[in-house]
Structure formats: C-alpha cells, structure tokens
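Written below as structure tokens is the structure these notes are about.
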Amino acid sequence: MSHEQFKQCIEECLRCMQECNHCYDACLNEDNVQMMRDCIRLDRECADICAFAAQAMSRNSQFAKEICALCATICEACGNECNKHAAQSDHCKRCAEACFACAEACRRMAG
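See the structure below:
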C-alpha cells in the first residue's frame, strides 16, 4: 500500500495521539485523580498505539493492518472510558471524539 492510501489514517492516529496526551495530562490535574485512573491508563496506551500505528503505516510495514486493528480496539476502549467523563471534562469529550474517529479509520485500514 502506498503512503497516500495510509494518509487519512495516519492523520487520524496523530490527532488521536495528541488528544490522548492532552487528556492524560489534564486528568492528572483533576481534583479526583483516583476516579480518573482508568482514563489516564487508557490515554497512555491509546497515545502509544496511535503513534506506533502511524509509524508502521509511514514505513509501509507488512504488519500495518494488524497494528491498525489493534489500534482500533484500544481507541474504542479509550473513547468509551473518556465518554464516561465527557459531561464534566471537555478534554475527555474531545479525546473520545478523536478516539472514535481514529478507531473508524483504523478499522477501514485493517479491513
């Protein structure tokens, strides 16, 4: 697959990585950090897999489809967790939206 075919998915992965990193940092500054524990963990995992998926696609890895499938699963989990806090935290709302968009793009890529 060419870089152009990966372009949209790479962009979604990078946007998701940025939103997850922002959410991660903002959650650490919440009054009740303990309540945000799962969100913080998933933000970290999601940012890491999104960065890895973007790198894999950028170098046309033979495992890009499998990595994108895993990325979609983790993004979905992170988005679901962030949605639990979206009403109280704007950063969680933006993160959930980015996660769901990335999951969709990665599913298309893995398909």
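This note's numbering numbers the first residue of the sequence shown as 5 and each following residue consecutively.
Heads up, the beta-carbon is just placed ideally off N, CA and C, and yes, glycines get one too.
Segment limits, alpha helix (DSSP H) that includes residue i
{"i": "Asn87", "result": "68-87"}
{"i": "Gln59", "result": "41-62"}
{"i": "Glu108", "result": "94-114"}
Contacting residues, own chain, Cβ-Cβ under 7 Å from residue i (five flanking each side not counted)
{"i": "His95", "result": "His26, Cys27, Ala30"}
{"i": "Arg2", "result": "One cannot answer for residue 2 here, as it falls past the ends of the chain, which runs 5 to 115."}
{"i": "Phe56", "result": "Ile71"}
Collapsed DSSP secondary structure at residue i in the structure displayed
{"i": "Ala90", "result": "coil"}
{"i": "Asp29", "result": "helix"}
{"i": "Glu34", "result": "coil"}
Cutoff 6 Å; reference residue i; Cβ partners in own chain excluding five residues on either side
{"i": "Lys69", "result": "Ala114"}
{"i": "Leu18", "result": "Ala58"}
{"i": "Ala73", "result": "Ala114"}
{"i": "Asp47", "result": "Cys24, Cys27, Tyr28"}
{"i": "Asn87", "result": "Ala100"}
{"i": "Ala107", "result": "Ala76, Cys79, Glu80"}
Residue i: CB within 7 Å of a non-hydrogen atom of the ligand COA
{"i": "Ala55", "result": "This structure lacks the ligand COA; in fact it carries no ligand of any kind."}
Stretch pair the stretch 11-19 + the stretch 45-52: three plus CB contacts closer than 8 Å: The stretch 11-19 vs the stretch 45-52: no contact.
Three CB pairs or more closer than 8 Å across the stretch 59-71 and the stretch 81-88: Output reads no: the stretch 81-88 does not touch the stretch 59-71.
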